[in-house]
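What follows is one structure encoded as structure tokens, with my remarks underneath.
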Amino acid sequence: MILSLNHGSFTVSDLERSIEFYKKSFGFELLSSARRDPEFAAQVTGIPGADIKVAVLKGPGCAMELIQYLSPPGEKIDTRTCNVGSAHVCFDVADMEAAIKQIVEAGGRLRGGPAPIPGGPNKGRLVAYVEDIDDNTIELMEAAK
Numbered sequence: 006m007i008l009s010l011n012h013g014s015f016t017v018s019d020l021e022r023s024i025e026f027y028k029k030s031f032g033f034e035l036l037s038s039a040r041r042d043p044e045f046a047a048q049v050t051g052i053p054g055a056d057i058k059v060a061v062l063k064g065p066g067c068a069m070e071l072i073q074y075l076s077p078p079g080e081k082i083d084t085r086t087c088n089v090g091s092a093h094v095c096f097d098v099a100d101m102e103a104a105i106k107q108i109v110e111a112g113g114r115l116r117g118g119p120a121p122i123p124g125g126p127n128k129g130r131l132v133a134y135v136e137d138i139d140d141n142t143i144e145l146m147e148a149a150k
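When we follow this note's numbering, the leftmost residue of the sequence shown carries the number 6, and every step to the right adds one.
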């Protein structure tokens, strides 16, 4: 389904649940999963005792990094200030309808489209916006013909 994406990174609420979502939605495979060093986690979040779990997934010609921030009891991490990833990732897809169906069946939501892009270098290609299970935006763009 995916034709191109270099690298994307999302903050997620449950690492294992998100890994399964991306496996089902895009056919990714898990390359690695680990906890970050506690000192690094405290430095990034500004909270001693915080924890960061990271998983790296691989798809055809692309990689996805999922990051889960865990705060100690009584603390709340503001992921907007420490997220090293992006909030928007774009995939080129060969079959728009099949891609949307697969994502929705895995628990994602269609947010807009598909609709033709009105101008610019991608004029006429279909684009749709979906959200993953943590409300991260995924842009699906019809592959160039």
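Cβ coordinates follow ideal geometry from the N, Cα and C atoms, glycine included. Please read these numbers as outputs of a predicted model, since none were measured by experiment.
- If only uninterrupted alpha helix (DSSP H) runs of at least 4 residues are considered, none is enclosed by the region 110-134.
- Annotated three-state conformation of R41 is coil, per DSSP.
- One alpha carbon belongs to C67, the other to P78, and they sit about 36 angstroms apart.
- Per DSSP, reduced to three states, the secondary structure at S14 is strand.
- Contact check for E147 and L131: beta-carbon distance about 4 angstroms, within the 8 angstroms limit, so the pair qualifies.
- Beta-bridge annotation (DSSP): G79 is not paired with any residue.
- Exclusion of the five residues before and after I108 leaves S30 and V135 as the residues of its chain whose Cβ lies within less than 6 angstroms of its Cβ.
- Put simply, the region 36-45 touches the region 54-71. At least three CB pairs are less than 8 angstroms apart.
- Going by C-alpha positions, I24 is about 22 angstroms away from P43.
- Judged by DSSP secondary structure, K58 falls within the beta strand (DSSP E) whose first and last residues are D56 to G64.
- Selection G51, A149, D56 and I138 evaluated against A111 yields I138 as nearest (Cα-Cα).
- Annotation for A46: A55, D56 and I57 place their beta carbon closer than 7 angstroms to its own, counting only its chain and skipping 5 residues before and after.
- Inclusion of F33 and L62 in the CB contact set at 7 angstroms is warranted, their separation being smaller than that value.
- Using a 10 angstroms sphere on the CB of A104, the tally of other CB atoms reaches 16 or more, which defines it as buried.
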